[in-house]
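Chemist:
Protein chains in written order, with my numbering: chain P, 14 to 320; chain V, 14 to 320.
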C-alpha cells in the first residue's frame, strides 16, 4: 500500500473511472475516492458497487478537498466541467483527465484553471466496447500506455506523482506534445473506429443481403469490426468533433491507399495486392512482441488448438 | 464413430485441411486421410503431425481411390488442380472445395469434372490469421457456418453425405446460389479484409508517426485490424482477383458512406455522427446472440472483470 493522494475525485463514472477505482483500491493509492455523475442512476450504481466512497450531485461539490481530480467525462463536456469546478479547487490540487483527444481538451479546460492548481492532461490507451460504471475492471490498464501531454511549465513533482499513480495502476507512461498525440491517435484509434462504424453501417443498409445473413456469416472477418463499432456513441461523436484535423488527414491517406488497392483489383494486378498483403504482416508481429495483443488465433476466442 | 467416407483426399495442406483432419479423426468420419501439397516441407510436416496417413507428390496420385476429394488450395490454383486430377477420379467420387469465392471456382473447376463424379462447392466460414499445416485445430468449425453452393443437378444423396460430414465436424450447413454467396462474403469478409489491409498499410507508411508508436499505441483500436491484415497473402490475393465484381460493388458503397461521415466530421454535425454510431450497436448484439462472437470485453483478451 503506497498512498499517493488523500482524496481522488472522479468526474464522470463510466468504464474508465470504474477501472481506475478498482486499480486504485487494489494498490492502495487513494485515501478516499469520491465522484460525480450527471445521472442519478449512475451515482446510485457507483455507491452500490463501491466505485466511490461517496457521490455528489454536482462536480463542484465532488472536488472540494480533493488533491487529485480526474475528468472522466466525454471530451465535449470537459470545458463546462472545468468552468464549474474551478472556484472549488484547493491550492496545489492536480487536475487531470482521460480524454481521447488532447489539444481540444487543453483549449477547453486550461483557460478555466486557477493559477494554484496543476493541470496535467493524460490519456490511458485502454478501454473495451462496453461502457458504464459496471463495466470497469482492475486490470484494464495493465501493460497499456498512458500518454501525458504536459504543458511547458508543469511542476515536476506533481508530474512525478501522477506518473507513479498511473504506473501503480499497471500502465506505462510516456510524454509527448498534444498535437502529436492527436495525430498518433488518429492513426491508431480514431480512423480505425470511423472505418469500422462505416463498414457496419454499410452491411446493415444493404437490401440484397439480409441482416440475418450478415450476423450468421460474420465470423469470416466482419465480426471484428462490430466490436469496435459497438463503442459508446457519445464518446466517439466527441472524439471526431474534437480531433477533426488529424482524423481528416488520416482519412485522406486511407482513401488514397484504398483507391490504389481497388484499382489493383479492377485491373487484376495480383502482384501489387500480394506485395501489399505481405508487407502488413510485420506490424502485427511487432504488436504481439510488444505485448499489445495476443498471438492466440482469433484473439483466443476460438477453442485453443492442442499444444 | 460414424464413418462417412472410406478415403478422403485433401489437396492443399494448410490451416483448413489441418483442422478438417483433426475434426474428421475426432468424429471418426474417414477410413483413411491422404493428401498432397506442392511443398515437400509441408508434406513432411503433414506426415510428422499425422495430418495425413500418407502424402503424395502429385494431386493426381492423392485422389486415386478416394470417395471424397476436398480442394483446399488457394482459389487461383483450383482450375489447374481440377484439370490434373480429373482423369484419376473414381466413379461416384464427391469433389468439393473450401474456397472463399464460389462462382469463379465453379467456372474454373466444373468444365474439368467428368460426368461420373459429383462436384459440390462448399465454403466453411472459419479460419484464423495463422496459416500452414501446424495451425489447424479440431474445434475450428464448431458453430461456424459451412455454405454449400450446389449445382442444379446435384445428387441428393451425395449432398446429404457431405452435409452430414460437415455437421459432424461441428459446422452448420446452409445452401445458397454461388452469386449470392459471393455478394454476402464481399460484405462479411472480403471488404473488411481489404479495409484492414489498407489501414495497416497507411499506418506503416506514415512519416510523422513512427512504427514504434503505431505498435506501442495500437491497443486503442488499431490492433484489431492488424490481426485480419496478417492473413495469408496468397489466399487473399486470389480472393480479390476472383470476386472482383461483388467486392468493387461493396467497396463503392463503403466509400460513399465513409464520405458521408467524413463530411459530417468536417461540418461538425454531431447529431449525424451520433445517430450513425448508435445504429451500429444492434448488429453486434445480434452476432453475440447468434453465438458468432463473444460478449467478453475486448474479445476476452484482457483479464476478465470479477463477476
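Where a beta carbon is used, it is the ideal one built from N, C-alpha and C, also for glycine.
1) Per DSSP, residue 159 (chain P) forms a beta bridge with which residues?
2) Would you please verify whether the beta carbon of residue 109 (chain P) is less than 9 Å from any beta carbon of chain V?
3) Locate the alpha helix (DSSP H) running through residue 210 (chain V), then write down its first and last residues.
4) Compute the Euclidean distance between the alpha carbons of residue 197 (chain P) and residue 176 (chain V), then round it to the nearest angstrom.
5) Would you verify that the beta carbon of residue 8 (chain P) is, or is not, closer than 9 Å to some beta carbon of chain V?
6) Please classify residue 6 (chain P): does DSSP put it in a helix, a strand, or coil?
7) Under 6 Å Cβ to Cβ from residue 235 (chain P), same chain only, skipping five residues before and after it: list those, please.
8) At 3 residues or longer, and completely inside the stretch 51-112 of chain V: list those beta strand (DSSP E) runs for me, N to C.
9) Helix, strand or coil for residue 122 (chain V) per DSSP?
10) Cβ of residue 75 (chain P) within 9 Å of Cβ of residue 146 (chain P)?
11) Quick check: the Cα distance between residue 8 (chain P) and residue 148 (chain V), rounded to an integer number of angstroms?
12) If you pair each beta-carbon of the stretch 216-235 of chain V with each one of the stretch 128-148 of chain P, do three or more pairs fall below 8 Å?
13) Residue 212 (chain V) versus chain P: which residues are under 8 Å apart at the beta carbon?
14) What residues in the stretch 273-288 of chain V have a beta carbon less than 7 Å from any beta carbon of chain P?
15) Between residue 25 (chain V) and chain P, is the shortest Cβ-Cβ distance under 9 Å, so that the two count as touching?
16) Along chain V, in chain order, which residues have C-beta atoms closer than 7 Å to that of residue 38 (chain P)?
17) Report yes if the C-beta distance between residue 25 (chain P) and residue 87 (chain P) is below 9 Å; otherwise report no.
18) How about residue 292 (chain P) and residue 214 (chain V): are their beta carbons less than 9 Å apart?
19) Could you give the residue range of the beta strand (DSSP E) that holds residue 174 (chain P)?
20) Is there a C-beta anywhere in chain V that falls below 9 Å from the one on residue 64 (chain P)?
21) Answer with yes or no whether the minimum CB distance from residue 129 (chain P) to chain V is below 9 Å.
22) Below 9 Å on C-beta distance, what does residue 297 (chain V) contact in chain P?
23) For residue 186 (chain P), go through chain V and note every residue whose CB falls closer than 8 Å to its CB, in chain order.
24) What residues in its chain sit with their C-beta under 6 Å from that of residue 200 (chain P), if we drop five residues either side in the sequence?
25) Counting only beta-carbon atoms, is residue 300 (chain V) nearer than 9 Å to chain P?
26) Kindly say whether residue 20 (chain P), judged by its beta-carbon, lies nearer than 9 Å to any beta-carbon of chain V.
27) Under 8 Å Cβ-Cβ, which residues of chain V neighbour residue 310 (chain P)?
28) Could you compute how far the alpha carbon of residue 131 (chain P) sits from the alpha carbon of residue 181 (chain P)?
29) Buried or exposed: which applies to residue 166 (chain P), given that a residue is buried once 16 or more other Cβ atoms fall within 10 Å of its Cβ?
30) Going by beta carbon distance, what residues of the same chain come within less than 8 Å of residue 40 (chain P), once the five residues before and after it are set aside?
31) Residue 270 (chain P) and residue 218 (chain V) - do their beta-carbons sit closer together than 9 Å?
32) Does the contact criterion of 3 or more C-beta pairs under 8 Å hold for the stretch 298-310 of chain V versus the stretch 247-264 of chain P?
33) Mind the definition here: the stretch 105-118 of chain V touches the stretch 182-194 of chain V only if three or more C-beta pairs lie below 8 Å; say whether that holds.
34) Just to make sure I have the definition right: I need the residues of chain P whose C-beta is within less than 8 Å of the C-beta of residue 61 (chain V). Which are they?
35) Drop a sphere of 10 angstroms on the beta-carbon of residue 225 (chain V), count the other beta-carbons inside from all chains shown, and report buried for 16 or more, exposed for fewer.
Modeler: On the basis of the coordinates in this document:
1) Per DSSP, P:137 and P:186.
2) no
3) For residue 210 (chain V), the enclosing alpha helix (DSSP H) has its first and last residue at 204-218.
4) Taking the straight line from one Cα to the other gives about 49 Å.
5) There is no way to answer for residue 8 (chain P), as the model of chain P reaches only from 14 to 320.
6) Only positions 14 to 320 of chain P appear in this structure, which leaves residue 6 (chain P) out of reach.
7) none
8) 67-69, 81-84 and 107-110
9) helix
10) no
11) With chain P covering only 14 through 320, there is no way to say anything about residue 8 (chain P).
12) yes
13) Here the neighbours are 204, 205, 208 and 267.
14) 274, 275, 278, 279, 281, 283, 286 and 287
15) No - not a single Cβ of chain P is within 9 Å of the one on residue 25 (chain V).
16) Result: empty, since nearest Cβ-Cβ is about 12 Å, beyond 7 Å.
17) yes
18) yes
19) No beta strand (DSSP E) holds residue 174 (chain P); the alpha helix (DSSP H) holding it covers 169-181.
20) Not flagged as an interface residue toward chain V: residue 64 (chain P), since no C-beta distance is shorter than 9 Å.
21) For residue 129 (chain P), not one C-beta of chain V is nearer than 9 Å to its own C-beta.
22) 142, 213, 236, 239, 240, 242 and 243
23) For a Cβ distance threshold of 8 Å, nothing in chain V lies close to residue 186 (chain P): the least Cβ distance comes to about 12 Å.
24) 263
25) yes
26) So no, residue 20 (chain P) is outside the interface.
27) Per Cβ cutoff of 8 Å: 141, 142, 143, 148 and 150.
28) Cα to Cα, the separation comes out at about 20 Å.
29) exposed
30) The residues 14, 15, 181 and 182, in chain order, have a CB closer than 8 Å to that of residue 40 (chain P) in the same chain once the five nearest residues on each side in sequence are set aside.
31) Between residue 218 (chain V) and residue 270 (chain P), the CB-CB gap stays under 9 Å.
32) no
33) yes
34) Neighbours of residue 61 (chain V) on chain P: none; closest Cβ ~15 Å, over 8 Å.
35) exposed
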